[in-house]
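Numbering of the sequence shown is given in our numbering, commencing with residue 370 and proceeding in unit increments.
Here's the structure we're looking at; comments come further down.
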Amino acid sequence: IGTVNVKWRRLYTEVAESKELKTVVTKSFFLPEVLVEQPSLLTTFNCPPAATVGVPFDVSLCIENRTALVQEVNFSVLDSPAFILSGAHSDTIHILPYAKDVISYRLISITSGMQQLPQFNLTATHYNAGFQQPLSSIQIFVFPAGREVK
370 IGTVNVKWRR
380 LYTEVAESKE
390 LKTVVTKSFF
400 LPEVLVEQPS
410 LLTTFNCPPA
420 ATVGVPFDVS
430 LCIENRTALV
440 QEVNFSVLDS
450 PAFILSGAHS
460 DTIHILPYAK
470 DVISYRLISI
480 TSGMQQLPQF
490 NLTATHYNAG
500 FQQPLSSIQI
510 FVFPAGREVK
């Protein structure tokens, strides 16, 4: 990563002879190497910023396998009272090495205003790691019927 240079001064004073001696000391410290691993599974959540009551819209999870091994992923969707959801509510999928898989859902809002989307849970079986939805993607504004969102 680099080095850190520390520079300080020492001040010696002899009271009897009133002499001052200044010494400048510089010390370099090398920082250790840091190994950063790329994520083995990359998950992207896609959702529009707004919707209209009664007009269907798509929400998708794109899972990219960045390893040379087949990855097993368990997913489930928890319903939201503000939306009608189409698609499987839970399943296990296998993602081939260096491949992408997309889990898509079509939603229809039945109420207007700020609404909470269904919660998507994803767990990679091999790594025992889960997907956490970003806070910005949990809610969506739903316009009343008769207004088109572009």
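The C-beta atom is built at its ideal place from N, Cα and C for all residues, glycine as well.
All of these numbers come straight from a predicted model, not from anything done at the bench.
A distance of 8 Å or more separates the beta carbons of F452 and S481. Per DSSP, the continuous beta strand (DSSP E) segment holding E441 begins and ends at 440 to 447. For V393, the CB contacts under 6 Å within the same chain, skipping 5 residues up- and downstream, are R378 in chain order. Burial state of A437 is exposed, judged by a 10 Å Cβ sphere holding fewer than 16 other Cβ atoms. Non-local beta-carbon contacts of G456 in its own chain, meaning distances under 6 Å to residues more than five positions away in sequence, involve Y474 in chain order. In this chain, the beta strand (DSSP E) harbouring H463 covers 459 to 464.
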